[in-house]
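The listed protein sequences correspond, in order, to chains A and B. In this text, residue positions in the first sequence follow my numbering: the first is 1, and each later residue adds one. In this text, residue positions in the second sequence follow my numbering: the first is 1001, and each later residue adds one. C-beta atoms are modelled at their ideal positions from N, C-alpha and C, and glycine is treated no differently. Before any comments, here is the structure.
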Amino acid sequence: MSDSALSTPQTPSFGRNTLLIAELSLREAVRKRLVIVLLVLTGAFVGFYLYGIFRLEGTLDQRAIDAGLDGRSISGLANAPIVYASAFGMYLVFFLGSLMAVLSTVGAVSADVENGVMQSVIARPVTRAALVLGRWLGFTIVNVSYIALVSAALLGGIYLITGFVPPAPLPAVGLILLAIVVITGLTVLGSTLFSTLANGIGVFVLYGVGFAGGILSTIGSFADSPTLVTLGKVANFVMPTNALWLGASYHLQNAAVLQLGEMARGANPIFGSEPIAVGLVLWACALAILAVLAAMWRFSRKDL
Amino acid sequence: MTQRPSSSLPAIETRELQKVYRGRAVVDGLTLTVQPGEVFGFLGPNGAGKSTTVKMLLGLVHPSGGEVRVLGGHPSDPAVRSRLGFLPEQFRFQTWMTAEEFLSFHGRLAGLRADELRARIPQVLETVGLGGRGAESLGGYSKGMLQRAGLAGAILARPQLVFLDEPTSALDPIGRVEVREIIEGLRAQGVAVFLNSHLLSEVEQVCDRVAFVKAGRVLRQGSMRELMGDVLPVGVRVDRLTPPLLEALARIGEVRHTDTQNADHADIELWVQRREDVPALANAVHAHGARLYALTPRRPDLETMFLELIEDTPEATSPRQEAAHV
């Protein structure tokens, strides 16, 4: 019989299985229409926003002509509305991206456990650590590609309409993407610890902690209150995503707008007026890695 | 680590296996052996710890105590799991996949090569009666078709040991016969099958050996002949049952049950050891002046065994359970 002629299956390696699970997660995102819904809605959002900027550009040009000027300087204060508009646009990208990273990943492990899909998968020669790592990898690829694409669409569109390019767009987008990697890692960790619903709520609260930290720091430095500044630092340590955004926003503002911010002594919880500390970037990387390792460890010990 | 176990090595061996959830022992000192190539029936009432035991044998649940060896190794070792097949009781799979994609995914997880998969997937789909329907999405499958797809997944990677947890729960009578044929086919190929079922007639027809579990312990295990060959249930109906007659009957066989509700007659259920004990029962009835209305030797079946065993050991395990809390 042909059965006996075929070999016994070789146990696949950790790396191979990780990639296989990551591939499954990517296909799942495509097949469950996650990708298409995201692309359509994002197209609508970016189009809407860019149309606003297009009208803004027209208004500013008209004002320059009315004032009898030949044109506007791209780096001057006259262009500040465009700078703000692009920075706010990127803030929306960061916020929506964080939201979408949590929502897409919230059930990465728990949903499969809850609906019973996990049992037959775990009975295969795949280690649970490889499974968690593969899930994280797959969702990180989806989330990071998505935010990178939206960022490129928004900044590229603004450039085409107004000719404005932020001073350092790549570091800015890089910091936003790092925040997405951290959020995805923490959401995967939560997905091995809690039910899907509890995890979603938990990660949003964490996100809120980061945002609260940013506000406390801002008020603290504005009001010169060391206690508030310390509280803000603690919050940034617990959830560095908001600090990463503030660091990204620094790279999105040109010198003229940054000077405005400094004059206001940084009294702006949405835009940062100084670059992010290197230590905090390293900590964010470490946090993402620790979260995934903790998830791998936790899931390996769980009864299914 | 990946070498095939020698045929003398049991497919499954557990010693005093235990699982405690929040101070309650669900599996409480379970000891059983399954030989390679045999079809093993795992029987017990609801909540006896059957599914938890299967999960421990597959490495899904970590035992609280005791030993477990599957195919000569530990189920936490992926090399061991690559030689196992499993159809879960709740056969839920990724509904966005087609049956072929589902099998391809599981085959790749199990380490099958792409060319093997191309040959193997249509083969197993045909075996479980889903030939030609592999390109359909699992989301559109009926419950019975999903269970068949799960069965295809369980036998896909040529396992040496297959766990089937209530494999016919969603199937019609034709499907049940087909599953029995699949199990017999596996046995013919030397594959051990661990069948978790409470459809006793099904187990009776296909299993070489069975184990009865209750409250997480094996009450009895052995071949069908071993378990039932030494007992012959007999029903006796007499006009009236006097204590001396009952004593006389109890000397011949084991009185399992008496029914004196009816004014006209009394019924007695006995287990005797030998065929020759049946006429002896008639003699005893006559000797005590009672009139014999019926004397019915019955064919022993699993259901009798099951009911007797489960009813006979109501509280036997509770002291142990308490001990497990400490």
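Starting from residue i, follow the alpha helix (DSSP H) in both directions and report where the run begins and ends.
i: residue 268 of chain A; result: Run containing residue 268 of chain A: none; DSSP gives neither H nor E here.
i: residue 186 of chain A; result: 169-193
i: residue 237 of chain A; result: 226-238
i: residue 22 of chain A; result: 14-31
i: residue 1277 of chain B; result: 1277-1287
i: residue 242 of chain A; result: 241-252
i: residue 1107 of chain B; result: 1099-1109
Using beta carbons (cut-off 8 Å, strictly below), is residue i in contact with chain B?
i: residue 57 of chain A; result: no
i: residue 122 of chain A; result: yes
i: residue 306 of chain A; result: A question about residue 306 of chain A goes unanswered here, because the residues of chain A that appear run from 1 up to 304.
i: residue 292 of chain A; result: no
i: residue 195 of chain A; result: no
i: residue 116 of chain A; result: yes
i: residue 127 of chain A; result: yes
i: residue 231 of chain A; result: no
i: residue 11 of chain A; result: yes
i: residue 119 of chain A; result: yes
i: residue 103 of chain A; result: no
i: residue 133 of chain A; result: no
i: residue 303 of chain A; result: yes
i: residue 199 of chain A; result: no
i: residue 3 of chain A; result: Low confidence applies to residue 3 of chain A: its pLDDT is 44, below 50, so where it sits in the model is not reliable enough to give any reading.
i: residue 17 of chain A; result: yes
i: residue 191 of chain A; result: no
Taking its Cβ as the centre, do 16 or more other Cβ atoms sit within 10 Å of residue i, making it buried, or is it exposed?
i: residue 1042 of chain B; result: buried
i: residue 1232 of chain B; result: buried
i: residue 36 of chain A; result: exposed
i: residue 1099 of chain B; result: buried
i: residue 1091 of chain B; result: buried
i: residue 1097 of chain B; result: buried
i: residue 1210 of chain B; result: buried
i: residue 250 of chain A; result: buried
i: residue 1308 of chain B; result: buried
i: residue 48 of chain A; result: exposed
i: residue 30 of chain A; result: exposed
i: residue 197 of chain A; result: exposed
i: residue 286 of chain A; result: exposed
i: residue 1316 of chain B; result: In this prediction, residue 1316 of chain B has a pLDDT of 43, which is less than 50 and means its spatial position is unreliable; what the coordinates show is noted afterwards. Residue 1316 of chain B should be labelled exposed.
i: residue 1106 of chain B; result: buried
i: residue 1250 of chain B; result: exposed
i: residue 1167 of chain B; result: buried
i: residue 1115 of chain B; result: exposed
For the beta strand (DSSP E) containing residue i, list its first residue and its last residue.
i: residue 1012 of chain B; result: 1012-1021
i: residue 48 of chain A; result: Here residue 48 of chain A belongs to no beta strand (DSSP E); instead the alpha helix (DSSP H) covers 34-66.
i: residue 209 of chain A; result: Segment 196-222 is the alpha helix (DSSP H) holding residue 209 of chain A; no beta strand (DSSP E) there.
i: residue 1296 of chain B; result: 1292-1297
i: residue 1193 of chain B; result: 1192-1196
Let me see if you follow: with CB-CB separation under 8 Å, is residue i close to chain A or not?
i: residue 1062 of chain B; result: yes
i: residue 1197 of chain B; result: no
i: residue 1099 of chain B; result: no
i: residue 1109 of chain B; result: yes
i: residue 1138 of chain B; result: no
i: residue 1150 of chain B; result: yes
i: residue 1074 of chain B; result: no
i: residue 1065 of chain B; result: no
i: residue 1170 of chain B; result: no
i: residue 1078 of chain B; result: yes
i: residue 1104 of chain B; result: no
i: residue 1143 of chain B; result: no
i: residue 1006 of chain B; result: Any reading at residue 1006 of chain B needs caution, since the residue's pLDDT is 46, under 50, leaving its predicted position unreliable; the model's value is listed next. Residue 1006 of chain B does not count as touching chain A.
i: residue 1055 of chain B; result: yes
i: residue 1082 of chain B; result: yes
i: residue 1153 of chain B; result: yes
i: residue 1307 of chain B; result: no
i: residue 1117 of chain B; result: no
i: residue 1146 of chain B; result: no
Any heavy atom of the ligand ZN closer than 7 Å to the Cβ of residue i?
i: residue 1084 of chain B; result: Judged by which ligands are present, the structure shown has none, so any question about the ligand ZN falls away.
Counting only runs that start and end within the region 1198-1271 of chain B, where is the alpha helix (DSSP H) found for 4 or more residues in a row?
-> 1200-1206, 1224-1228 and 1243-1252
Curious, which full-length alpha helix (DSSP H) runs of at least 4 residues does the region 1007-1093 of chain B contain?
-> 1050-1057 and 1078-1081
4 or more residues per run - each alpha helix (DSSP H) lying fully within the region 1135-1172 of chain B = 1143-1156
According to a CB-to-CB cut-off of less than 7 Å, which residues of the region 19-42 of chain A neighbour chain B?
-> 20, 24, 28, 31 and 32
At 4 residues or longer, and completely inside the region 73-160 of chain A: list those alpha helix (DSSP H) runs for me, N to C.
-> 80-105, 110-114 and 117-122
What residues in the region 1086-1098 of chain B bring their beta carbon closer than 7 Å to a beta carbon of chain A?
-> 1086, 1088, 1090, 1092, 1093, 1094 and 1096
In chain order, what residues of the region 65-91 of chain A put their CB closer than 9 Å to some CB of chain B?
-> none
For the region 1182-1195 of chain B, which residues have a CB atom closer than 9 Å to at least one CB atom of chain A, in sequence order?
-> 1189
Interfacial residues, the region 1007-1032 of chain B to chain A, with Cβ spacing under 7 Å | none
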